[in-house]
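**Q** Sharing a structure here in structure tokens format.
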Amino acid sequence: MSFVIEIENLTKIYGKFKALDAVSLNVKKGEIYGFLGLNGAGKTTTIKSMLGLIWPTSGIVTVNGKIITPKKQGPWEKVGCLVETANSYPELTVRENLEIFRRLRGLKRKAEPVMKIINKLKLTRYTEKKAGELSLGNLQRLGLAKAMMHKPEILILDEPANGLDPVGIVEIREILMELARNDNVTIFVSSHHLEEISKTADRIGIIHDGRLLKDVSSYELEKKIKKYLILKVNKKNNAVKILKKSGYEIISNKDDNSIIINGAKSTKIREEIVKLLVNMQTPPYEIKMVQEDLESYFLRIIK
Ligand code: ATP
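Start counting the sequence shown at 28; every next residue gets the next number (the numbering used here).
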């Protein structure tokens, strides 16, 4: 199988600090690869290596069959990217910024109208607003517009959801998924938000302290992430006894009325738990599912 992005044993050492330690991963055509890690994990360093912005200490990055280094000409006409916070000319308007970018990319005015990408990224209201006056979220949208305007086959995005509000996060997620599904665009996207990325990505790599700890399909990851059922009941002690007797794993027993149960992933199990408690005259008055967050999942896999 040939991959669109191939990273082999990528290591980057700054002075004595190892920012990346033998990272290897592959991304297939049309796949959305979510690259997940906490602050300082090594996401931007990996992305900069993929774009030929830094020299790796060792290892090889190949994008679209071309080995990437700062000295070689990469397949940049096929790549759209957003690295760290989006760059723009603050004194120029959104439209002017994109117009400059269109010319730099050598795109014909008719072939790819600037207004089309402005509308797609919901920047229409801000068309004539100076980039320097945009909110962080809208600046990020402008960065994404630049990354997508030339209809690249590969998108490499460093935390595109940065600064976006919940509606913006959903909109960007939908745009990315549409590009991958409809246009077979290969997307490498970094994030520190597990829940968000698990909704978008087909495959997820988890990086921590420069090392790739996991490289799994989102389906596999979903199975590995713990989900807890939180119930509130009035007769808590009775309810705990009943649940334990039936073999359920109670993971916390705080002083309030809540009971936290591990392993109640399916609707069927949750129904069984509620039925059991109702039948024993200890009905829950509140029921909620929570998913473990990135930090606790990390702590678990690091251990
Ligand atoms: P964030 O989510 O905070 O942007 P990240 O996962 O993108 O984090 P990187 O920016 O790749 O992390 O940084 C990885 C590590 O390498 C960090 O500890 C960072 O301080 C260090 N680092 C990055 N660039 C340099 C540099 N030019 N010189 C020295 N250390 C660096």
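C-beta: ideal position from N, C-alpha, C; glycine also.
How far does the beta strand (DSSP E) with Gly-86 in it extend, from its first residue to its last?
**A** Taken as a continuous stretch (DSSP letters only), the beta strand (DSSP E) holding Gly-86 covers 85-90.
**Q** Does the count of Cβ pairs from the region 131-150 and the region 82-91 closer than 8 Å reach three?
**A** Result no; under three Cβ-Cβ pairs closer than 8 Å.
**Q** In its own chain, which residues sit with a C-beta less than 6 Å from the C-beta of Ile-328, not counting the 5 before and 5 after it?
**A** The residues are Leu-240.
**Q** For Arg-200, which residues in the same chain have their Cβ closer than 6 Å to its Cβ, ignoring the five residues on either side in sequence?
**A** Answer for Arg-200: Thr-227, listed in chain order.
**Q** Considering only the beta carbon of each residue, do Leu-258 and Ile-314 sit closer than 8 Å?
**A** Their beta carbons are under 8 Å apart, which means Leu-258 touches Ile-314 by this criterion.
**Q** Below 6 Å CB to CB, which residues in the same chain sit around Ile-224 once its five sequence neighbours on both sides are set aside?
**A** The residues are Gly-61, Leu-63 and Ser-218.
**Q** Write down every uninterrupted run of the beta strand (DSSP E) in the region 194-239 whose length is 3 residues or greater and which is fully enclosed by it, in chain order.
**A** Listed in chain order, the complete beta strand (DSSP E) runs (minimum 3 residues) inside the region 194-239 are 213-218 and 230-235.
**Q** Use the C-beta contact count for Leu-203: other C-beta atoms within 10 angstroms, 16 or more gives buried, fewer gives exposed.
**A** Burial call: buried.
**Q** Under a three-way DSSP split, which group does Asn-66 fall into?
**A** Coil.
**Q** Can you tell me where the alpha helix (DSSP H) with Met-175 in it begins and where it stops?
**A** Taken as a continuous stretch (DSSP letters only), the alpha helix (DSSP H) holding Met-175 covers 163-175.
**Q** Pull up the CB-CB distance for Thr-213 and Val-31, whole angstroms please, since I reckon it's below 8 Å.
**A** The pair is a contact, with the Cβ atoms about 4 Å apart (cut-off 8 Å).
**Q** Which residue from Ile-59, Gln-318 and Thr-120 puts its Cα closest to that of Leu-182?
**A** Leu-182 has its Cα closest to that of Ile-59, out of Ile-59, Gln-318 and Thr-120.
**Q** Among all the DSSP beta bridges, which residues are the ones paired with Asn-265?
**A** According to DSSP, which records beta bridges pairwise, Asn-265 is partnered with nothing at all.
**Q** Under 8 Å Cβ to Cβ from Leu-65, same chain only, skipping five residues before and after it: list those, please.
**A** Excluding sequence neighbours, Leu-65 sits near His-219, His-235, Leu-321, Glu-322 and Phe-325.
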